[in-house]
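Q: I have a structure here, written as structure tokens, and I will follow up with some questions on it.
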Amino acid sequence: MKHVITLVVSAIALAACGSGGSGDSDAAGDDQLTIGFSQVGSESGWRTSFSQAVQAEARDRSIDLKFSDAQQKQENQIRAVRSFIAQGVDAIVIAPVVETGWKPVLTEAKRAGIPVVIVDRNMALEDDSLYLTRVASDFVEEGRKAARWLMDETGGDCDIVELQGTVGATAAIDRMTGFNEVIADYPDAEIVKTQTADFTRARGKEIMETFLRAMNPADICAVWAHNDEMALGAVIAMKEAGVDPGDDILVVSVDAVPDIFKAMADGDTNATVELSPYMGGPAFDAIEAHLRGESVDKLISVNGDLYTQETAAEEYQKRTAE
Numbered sequence: 127m128k129h130v131i132t133l134v135v136s137a138i139a140l141a142a143c144g145s146g147g148s149g150d151s152d153a154a155g156d157d158q159l160t161i162g163f164s165q166v167g168s169e170s171g172w173r174t175s176f177s178q179a180v181q182a183e184a185r186d187r188s189i190d191l192k193f194s195d196a197q198q199k200q201e202n203q204i205r206a207v208r209s210f211i212a213q214g215v216d217a218i219v220i221a222p223v224v225e226t227g228w229k230p231v232l233t234e235a236k237r238a239g240i241p242v243v244i245v246d247r248n249m250a251l252e253d254d255s256l257y258l259t260r261v262a263s264d265f266v267e268e269g270r271k272a273a274r275w276l277m278d279e280t281g282g283d284c285d286i287v288e289l290q291g292t293v294g295a296t297a298a299i300d301r302m303t304g305f306n307e308v309i310a311d312y313p314d315a316e317i318v319k320t321q322t323a324d325f326t327r328a329r330g331k332e333i334m335e336t337f338l339r340a341m342n343p344a345d346i347c348a349v350w351a352h353n354d355e356m357a358l359g360a361v362i363a364m365k366e367a368g369v370d371p372g373d374d375i376l377v378v379s380v381d382a383v384p385d386i387f388k389a390m391a392d393g394d395t396n397a398t399v400e401l402s403p404y405m406g407g408p409a410f411d412a413i414e415a416h417l418r419g420e421s422v423d424k425l426i427s428v429n430g431d432l433y434t435q436e437t438a439a440e441e442y443q444k445r446t447a448e
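So the sequence shown is numbered by my numbering: it starts at 127 and just counts up by one.
Written out as structure tokens, the structure is:
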């Protein structure tokens, strides 16, 4: 009987030791933070880099990260968020597929006392108490930067074909807004064809093929793509059609993934605006500050620069060195 009691006491002691995590977060004291992360999917190289950066940041902080890939479907994200709520996580991070349709599930998280951080794309919410903060780049400014470069490069005289991101996605809406805002000041600049290619390389190639069939390629001054993956797809379509991308038709896009630097170094694309994938750190900082009872700004900005062919080879080497 004595041995049985000893075993029971030992088991209880071990369980007590195991209940706390190894994290060193001040916000959670000796307890490991558990955070649910609902990601859009893996539709692009940038998105994969973003997921990996968040996961690496969580490991560095000893955060127990519950990762869910939504495969570009909002219903999968809502299902994942409800699962996180049921598990009683400390916080939820969401990179939303689209802006609308979030109020019911965020209300559920609020009732459960679970703070929500929006990263990357935005949500259309009238009640800002439904989320703690948003960590994101200024997508409108990204569109402006791309347009300013193109207008400088062409003297403001350019017929442009546009490859849009996913319909309803903040990045697509805002990048389009910023780009159009700038070219509105140039009467000889016009978007002559525009269509969604869902942020993917395959669709970028497919839509560019339709543009090239519908128009004389010589009448196209530039391709404006809402992300690098679509731009790279457009490059393939142009080459297959006998068009010299980067020369016959200029190419400007957003993200700054390694592949676009290789394409720029090869002369196939011309400019990209960087979207930083390192949003996990600011998101986790905000969560930890909130759990310590500190106030958190409603928007935390992370912005990047515009890169061109001049530094592309050097940037490609730096970004693929690991």
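Backbone N, C-alpha and C fix where the C-beta goes; we use that ideal spot for every residue, glycine too.
This one's a predicted model, so the numbers in the text were calculated from it and none came from an experiment.
Based on DSSP bridge pairs, tell me the residues matched to residue 163.
A: Answer is 193 and 219.
Q: To which residues of the same chain is residue 389 closer than 7 Å at the C-beta, ignoring the five residues directly before and after it?
A: Contacts found: 358, 361 and 395.
Q: Please report the residue range of the alpha helix (DSSP H) in which residue 175 lies.
A: 171-186 is the extent of the alpha helix (DSSP H) around residue 175.
Q: Pair every Cβ in the region 203-223 with every Cβ in the region 164-181, then say whether three or more of these pairs are closer than 8 Å.
A: Yes, the region 203-223 is in contact with the region 164-181.
Q: Can you list the beta strand (DSSP E) stretches of 3 or more residues lying completely in the region 370-433, in chain order?
A: Runs of the beta strand (DSSP E) inside the region 370-433: 376-381, 397-400 and 425-427.
Q: So is residue 303 buried or exposed if we call it buried at 16+ other beta carbons inside 10 Å?
A: Flag for residue 303 reads exposed.
Q: Terminal residues of the continuous beta strand (DSSP E) containing residue 350?
A: From DSSP, the beta strand (DSSP E) with residue 350 extends over 348-351.
Q: Within 10 Å of its beta-carbon, does residue 403 have 16 or more other beta-carbons around it, so buried, or fewer, so exposed?
A: By the neighbour-count rule (16 or more Cβ atoms within 10 Å), residue 403 is buried.
Q: Do you know how far the Cα of residue 375 is from the Cα of residue 83?
A: In the structure displayed, the chain extends from 127 to 448; residue 83 sits before or after that span and is not available.
Q: Excluding the 5 residues flanking residue 284 on each side, which residues of the same chain have their C-beta closer than 6 Å to its C-beta?
A: Excluding residues within five positions, the ones whose Cβ falls inside 6 Å are 315, 347 and 348.
Q: Comparing C-alpha positions only, which one of 391, 318, 172 and 300 sits nearest to residue 268?
A: Ranking the options by Cα distance to residue 268, first place goes to 300.
Q: So what's residue 151 in DSSP terms, helix, strand or just coil?
A: Since pLDDT at residue 151 reaches only 39, below the 50 mark, its modelled position is unreliable, and the value read off the structure follows with that caveat. If DSSP states are grouped into helix, strand and coil, residue 151 belongs with coil.
Q: Grab me the residues of residue 176's own chain with a C-beta within less than 8 Å of its C-beta, minus the 5 sequence neighbours each way, in chain order.
A: If we look at residue 176 and ignore the five residues flanking it on each side, its Cβ neighbours are 165, 221, 246, 403 and 405.
Q: In this structure, how does DSSP classify residue 211 when only helix, strand and coil are distinguished?
A: Residue 211 falls in the helix class under three-state DSSP.
Q: Would you be able to state if there are at least three C-beta pairs under 8 Å between the region 222-236 and the region 260-280?
A: Judged by Cβ distances under 8 Å, the region 260-280 makes no contact with the region 222-236, as fewer than three pairs qualify.
Q: For the beta strand (DSSP E) containing residue 321, list its first residue and its last residue.
A: Unbroken beta strand (DSSP E) run through residue 321: 315-322.
Q: Given a cut-off of 8 Å, decide if residue 353 and residue 325 are closer than it, judged by their beta-carbon atoms.
A: In this structure, residue 353 lies closer than 8 Å to residue 325 by Cβ.
Q: Of all the options 380, 444 and 338, which has the alpha carbon lying nearest to the alpha carbon of residue 429?
A: With distances taken between Cα atoms, residue 429 lies closest to 380.
Q: Less than 7 Å between the CB of residue 258 and some heavy atom of the ligand ATP, yes or no?
A: Here there are no bound small molecules, and the ligand ATP is not part of this structure.
Q: So for residue 283, helix, strand or coil by DSSP?
A: In the structure shown, residue 283 sits in coil (DSSP, three-state: anything other than H, G, I, E or B).
Q: Hey, which unbroken runs of the beta strand (DSSP E) at 3 residues or more fall wholly within the region 266-310?
A: Taking only runs of at least 3 residues, the beta strand (DSSP E) segments lying wholly in the region 266-310 are 284-290.
Q: Quick one: residues in its chain with C-beta nearer than 7 Å to the C-beta of residue 318, no 5 flanking neighbours on either side, listed in chain order?
A: Excluding residues within five positions, the ones whose Cβ falls inside 7 Å are 285, 286 and 287.
Q: I need the boundaries of the beta strand (DSSP E) containing residue 244, first residue and last residue.
A: 242-245 is the extent of the beta strand (DSSP E) around residue 244.
Q: Please name the residue or residues paired with residue 259 in a DSSP beta bridge.
A: Answer is 243, bridged to residue 259.
Q: Give the secondary structure of residue 359 by DSSP, where H, G and I count as helix, E and B as strand, and everything else as coil.
A: Three-state result, residue 359: helix.
Q: Please return the same chain residues whose Cβ sits closer than 6 Å to the Cβ of residue 337, not counting the five positions on each side in sequence.
A: 287 and 319, listed in sequence order.
Q: Grouping DSSP H, G and I as helix and E and B as strand, with all else coil, what is residue 450?
A: The question about residue 450 has no answer, for the chain in this structure spans 127 to 448.
Q: Rounded C-beta distance between residue 289 and residue 330? I'm assuming under 8 Å.
A: That pair is a contact at about 5 Å.
Q: From residue 366 to residue 334, what does the alpha carbon distance come to, in whole angstroms?
A: Between residue 366 and residue 334, the C-alpha separation is close to 11 Å.
Q: Please confirm whether residue 243 and residue 207 have their CB atoms less than 8 Å apart.
A: Result no, Cβ atoms of residue 243 and residue 207 do not sit closer than 8 Å.
Q: For residue 77, does the three-state DSSP call read helix, strand or coil?
A: Any property of residue 77 remains undetermined from this structure, which presents the chain solely from 127 to 448.
Q: Since residue 322 contacts residue 291 with CB under 8 Å, what's their CB separation in whole angstroms?
A: About 7 Å; that satisfies the 8 Å criterion.
Q: Cβ of residue 426 within 8 Å of Cβ of residue 415?
A: No, they are not a contact pair.
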